[in-house]
Each structure stands twice: as structure tokens, then as C-alpha cells.
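Engineer: Quick one: the structure is below, and I'll ask about it shortly.
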Amino acid sequence: MQGEEVSIEELASNLATYKDQLHQVRELLVDDPGNSEYVDMERELKEESKCCSNKQHQLTSNGTYGGVLCVVMASLLYLYHLISDVIALTEELLATAKQNDISGSDIGTSGRASPSLPHSKMDSESMLDHQGKFPIGTKVQAVWSEDGEWYEATIEAYSPNGYFVSYDGWGNKEEVDPDNVRPIQEGVVNTLAEAERVAEATKQAIKRKIALAASMDFQSRSLPAKLRIEPDDPEDVKVAKRKKIHAFKSKVRMEQLEVTQNKRQNAWQQFQTTKGKTKKIGFFSGRKRESIFKSPEDPQGKSLTATISVRYHTTP
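Residue numbers (UniProt numbering): 1 to 316.
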């Protein structure tokens with residue numbers, strides 16, 4: 001019974017591995033449908049997935065604990081993906097709703113000096129504390145509540161709690177506490193420029209990683225000793241080892257495929273980098289070729305004419 005439970009767990013793990021590998025191979029076939037190696041890999045993975053699925057259905061129909069466990073695991077996996085999709089959709093809806101609220105507040109504040117409250121409801125004493133510090137229209141730096149970073153902004157109006165600011169270059173507007181507003185400081189790093197710098201550094205790091213992976217040749221791995229089938233192994237152990245051997249070979253093929261992809265991608269990047277840098281001389285190159293019959297110029301700037309004397313000899 002213990003051996004059956006172990007084989008069931010391996011069955012579920014192999015099924016998930018086969019499906020993942022099948023998905024990757026199908027994506028490769030979209031780019032290269034004529035590759036016979038990819039076609040063979042797809043066929044083998046389909047057969048293995050079908051075999052695992054049939055075994056799973058067989059265990060379920062027999063009413064064994066392992067079959068029930070496989071069904072429960074599959075259900076939990078489906079539920080996990082479903083919950084992940086719901087969470088992602090909820091976050092997207094919340095972000096959209098928040099953006100709509102900000103847009104609505106922008107519409108309500110247009111054409112008025114005080115965008116949120118009528119002047120009669122404002123506490124004049126609290127506003128006087130910070131009104132004189134930054135007049136309306138002043139360019140400042142303000143903290144954005146979403147990430148706590150400083151951005152350049154413009155004072156648009158006063159509020160009892162601080163200022164209404166508009167973030168330059170972003171279009172976002174919100175109410176900011178007076179402690180989160182400061183004059184523009186010289187030498188402060190531009191957030192957008194810093195983000196571009198980080199993105200470029202990340203891009204170069206990825207290129208270096210691809211180049212490093214492409215420089216490494218694929219090294220085939222031998223079958224581990226624990227997976228070798230011995231003559232005295234029981235039949236159920238032999239079946240389990242065969243499945244593990246097949247999974248091991250599939251993993252080795254995928255690693256070899258990844259190395260090949262890295263080499264191709266690195267070659268394409270090198271081609272894109274070096275393309276157009278070579279200067280050629282000739283037609284339409286922007287540089288005129290000089291004639292081989294051009295006469296040299298003397299120090300006075302006059303052209304010297306080269307003459308060729310030809311003598312004809314006649315026989316008496």
C-alpha cells in the first residue's frame with residue numbers, strides 16, 4: 001500500500017511536468033513548425049500525458065485512496081489558479097476605480113481655487129499656516145502617496161490639511177500634507193531618468209546573461225545510478241524507474257533546447273549590435289573614389305600634365 005501511494009504522488013508530479021513541457025514545446029513549434037525534433041518531443045509528451053491521465057482515471061474508478069488524492073490535488077491546483085485569476089482581476093478593478101476617482105476629482109476642481117471644499121467650510125486658521133509658504137502655481141517637490149517617493153509638482157490650491165498638487169509629467173493630482181511638500185532641490189536625482197537608467201542596466205545584465213549562457217556548451221548528463229533498472233527489481237519498482245528515466249531524459253532534452261535557444265538569441269543580438277557599423281567605400285557610400293588618372297598638383301597649385309612619349313620604329 002505504501003508503494004502504491006508513492007507511485008501515485010510520482011504520477012501527479014510527472015503529469016504536471018509533462019503538461020508544462022508540452023506547453024513550452026508548442027510555443028517553440030509556433031516559431032519553428034518545421035522542426036522535426038520539436039514535433040517528436042510534442043508527440044512523446046502527448047503520449048506520456050495521456051498515459052498518466054489514463055492511470056489517474058483508472059485509480060479513481062477503482063475507488064483507491066490514491067485516486068481520490070489525485071482528484072483532490074487536481075481540484076486544488078485548479079482552485080489555486082482560479083483564485084490567482086480572481087485576485088489579479090480584483091487588483092486591476094481597484095486600480096481602475098482609483099484612477100477614475102482621481103479623474104473625477106480633477107473635473108470637480110477645474111475653475112476653482114479650492115477644489116474639495118467650499119470656502120465657507122475651510123478652517124482659515126489652519127490654512128494660514130501653510131498658505132504663505134508656497135503660493136498657488138509654485139513649482140515644488142511633493143511625495144506621492146502610492147510609493148512615498150518625491151516628484152516634481154505644482155501647487156494648484158490650498159486645503160485645510162495641506163495642498164492640492166499636480167505632479168508634473170504624470171497628470172496625477174492629490175491632496176498632500178504640508179510636511180510632504182518642499183522646494184525644488186538642486187541636484188536631486190530625476191526619478192524618470194533614474195528609472196530609465198535602471199531599465200538600461202537591467203537590459204544590459206540580461207544581454208550579458210544570455211551571452212554567458214550562449215558561451216557554455218551543452219554537457220550531456222549520464223543516468224543516475226539509482227534510476228538504473230536492476231534484474232532483481234520488483235515489477236512495480238521497474239515501472240516507477242522507467243517513468244523517472246523518461247522524465248530525466250525529457251529534462252535533459254529541454255536543457256539542450258534552452259542552450260540552443262540562448263545561442264541563437266545571442267547571435268541575433270550581436271547581429272543587431274554590429275549591423276550598420278561597417279563603413280564601405282563605393283557606390284552610394286557618401287565618399288567619392290578618386291580617379292587613378294588624376295594628376296598630382298605642384299606647390300603653386302597647378303596641375304602637371306603627364307605625357308607619354310611613344311616612338312615608332314620602322315624597318316628599312
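Backbone N, C-alpha and C fix where the C-beta goes; we use that ideal spot for every residue, glycine too.
Keeping to the same chain, check which residues put their C-beta closer than 6 Å to that of W170; ignore five residues upstream and five downstream.
Structural biologist: The answer is none, since no qualifying residue turns up.
Engineer: Beta-carbon separation of Y18 and L29 under 8 Å?
Structural biologist: Not closer than 8 Å, so no.
Engineer: Quick check on this structure: which residue in D177, W150 and S75 has the alpha carbon closest to the alpha carbon of P160?
Structural biologist: Nearest of D177, W150 and S75 to P160, Cα basis: D177.
Engineer: Whole beta strand (DSSP E) runs in the UniProt domain "Tudor" (133 to 191) with 3 or more residues, listed along the chain?
Structural biologist: Qualifying beta strand (DSSP E) stretches, in chain order: 139 to 143, 150 to 159, 162 to 167, 173 to 176 and 181 to 183.
Engineer: Among T96, V181, T260 and L15, whose alpha-carbon lies nearest the alpha-carbon of W144?
Structural biologist: The shortest C-alpha separation from W144 is found at V181.
Engineer: Please report the straight-line C-alpha distance between T191 and Q204, rounded to a whole angstrom.
Structural biologist: Roughly 20 Å between the two C-alpha positions.
Engineer: Taking the C-alpha atoms as reference points, what is the distance between Q99 and I83?
Structural biologist: Roughly 24 Å between the two C-alpha positions.
Engineer: On a CA-only basis, which of D168, I206 and L22 is nearest D40? Give me that one, please.
Structural biologist: With distances taken between Cα atoms, D40 lies closest to L22.
Engineer: Whose C-beta lies closer than 7 Å to the C-beta of A247 among residues of the same chain, with five residues either side of it excluded?
Structural biologist: The residues are N14 and T17.
Engineer: In angstroms, rounded to a whole number, what distance separates the CA positions of I136 and R208?
Structural biologist: So the two alpha carbons sit approximately 49 Å from each other.
Engineer: Quick check: E152 and K139, are their CB atoms within less than 8 Å of each other?
Structural biologist: Yes. Within cutoff.
Engineer: According to DSSP, simplified to helix, strand and coil, what is D233?
Structural biologist: Reduced to three states, the DSSP call for D233 is coil.
Engineer: Taking the alpha carbon of I184 as the point to measure from, which residue in D168, L227, V198 and E196 has its own alpha carbon closest?
Structural biologist: With distances taken between Cα atoms, I184 lies closest to D168.
Engineer: By DSSP, does L28 sit in helix, in strand, or in coil?
Structural biologist: Residue state, collapsed to three classes: helix.
Engineer: Out of curiosity, what's the CA-to-CA distance linking Q261 and I206?
Structural biologist: Looking at the two C-alpha atoms, the distance is approximately 14 Å.
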